[in-house]
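Some notes on the structure that comes next.
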Amino acid sequence: MDPEAELFTALRSVRTAVVRGTVPVEGLRDFLDHSFRALDAAISRQGIGIVGPAFGVFPGPLGTRTDLEVGFSVDGDVEPDGEVVPGSLPGGTAGRLTHLGGFEGLPASWNRLEAWMRAQGLSPAEAHWEFYVTQPSPDMDPAELRTELVWPIADER
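If you use my numbering, the sequence shown corresponds to residues 3 to 159, in order.
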């Protein structure tokens with residue numbers, strides 16, 4: 003069972019290296035795989051350090067096609083390099099929930115986090131993101147995957 007949702011007030015702004023795209027939902031895995039290969043190469047060439055797990059930012063609601071930004075938090079300035087560009091994740095206050103299990107269960111966890119936030123009187127912002135705490139591999143048990151969901155609040159209480 004997933005740990006309960008919580009209000010996270012120590013969200014800090016971080017620099018990121020990202021790849022952006024508009025992707026059909028059925029193409030998300032391929033987009034992620036391609037993007038993380040491009041990010042690894044660009045970050046290595048620039049000598050920048052990765053300071054956190056991979057993430058995916060959804061700037062708005064999911065549909066049959068979704069805007070998506072994937073990347074890593076980094077410890078230096080990112081120069082544009084092919085598809086890789088500089089970005090950032092904002093600081094502030096957010097709802098947070100840890101999803102345990104395969105990626106197919108993520109929509110239900112996002113719905114649960116949104117319902118929890120609304121029950122607390124909080125309005126979720128448009129943009130929200132997931133940190134891929136456990137790196138997936140072809141031979142792993144999907145039940146071992148851990149994804150941290152972060153949804154900033156649109157207006158502070």
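In this text, a Cβ means the ideal position worked out from N, Cα and C, and glycines have one as well.
Every value quoted in this text rests on a predicted model; they were computed, and no experiment measured them.
Span separating the alpha-carbon of residue i from that of residue j
{"i": "Arg-159", "j": "Ser-125", "result": "For Arg-159, the predicted model reports a pLDDT of 43, less than 50, meaning its position is unreliable; a value from the coordinates is still stated below. When rounded, the distance between both Cα atoms is 9 angstroms."}
{"i": "Pro-26", "j": "Val-59", "result": "15 angstroms"}
{"i": "Val-80", "j": "Pro-154", "result": "24 angstroms"}
{"i": "Gly-97", "j": "Pro-88", "result": "25 angstroms"}
{"i": "Glu-57", "j": "Tyr-134", "result": "The residue you asked about is not Glu; residue 57 is Phe in the sequence shown. Computed Cα separation, rounded: 6 angstroms."}
{"i": "Trp-118", "j": "Ala-129", "result": "17 angstroms"}
{"i": "Ala-1", "j": "Gly-84", "result": "Because residue 1 is not part of the residues shown, which for the chain are 3 to 159, the question remains open."}
Sequence-distant residues of its chain with Cβ nearer than 7 angstroms to residue i (five each side left out)
{"i": "Val-53", "result": "Ser-75, Val-76, Asp-77"}
{"i": "Leu-41", "result": "Ala-19, Val-21, Gly-73, Phe-74, Val-86"}
{"i": "Thr-163", "result": "No answer is possible for residue 163: the residues shown for the chain start at 3 and end at 159."}
{"i": "Gly-23", "result": "Phe-33, Leu-70"}
Bridge partners - residue i, DSSP secondary structure assignment
{"i": "Pro-26", "result": "Arg-67"}
{"i": "Ile-155", "result": "Pro-126"}
{"i": "Thr-18", "result": "Ser-75, Gly-89"}
{"i": "His-101", "result": "Thr-149"}
{"i": "Gly-94", "result": "Leu-13"}
{"i": "Asp-160", "result": "No answer is possible for residue 160: it lies beyond the span of the chain, which begins at 3 and ends at 159."}
Residue i, DSSP secondary structure in three states
{"i": "Asp-77", "result": "coil"}
{"i": "Ile-45", "result": "helix"}
{"i": "Ala-7", "result": "coil"}
{"i": "Gly-58", "result": "strand"}
Nearest neighbour of residue i, chosen from the options [CA to CA]
{"i": "Leu-147", "options": "Asn-113, Leu-108, Ala-117", "result": "Leu-108"}
Close Cβ partners of residue i (< 6 angstroms) along its chain, the five nearest in sequence each way excluded
{"i": "Ala-145", "result": "Gly-103"}
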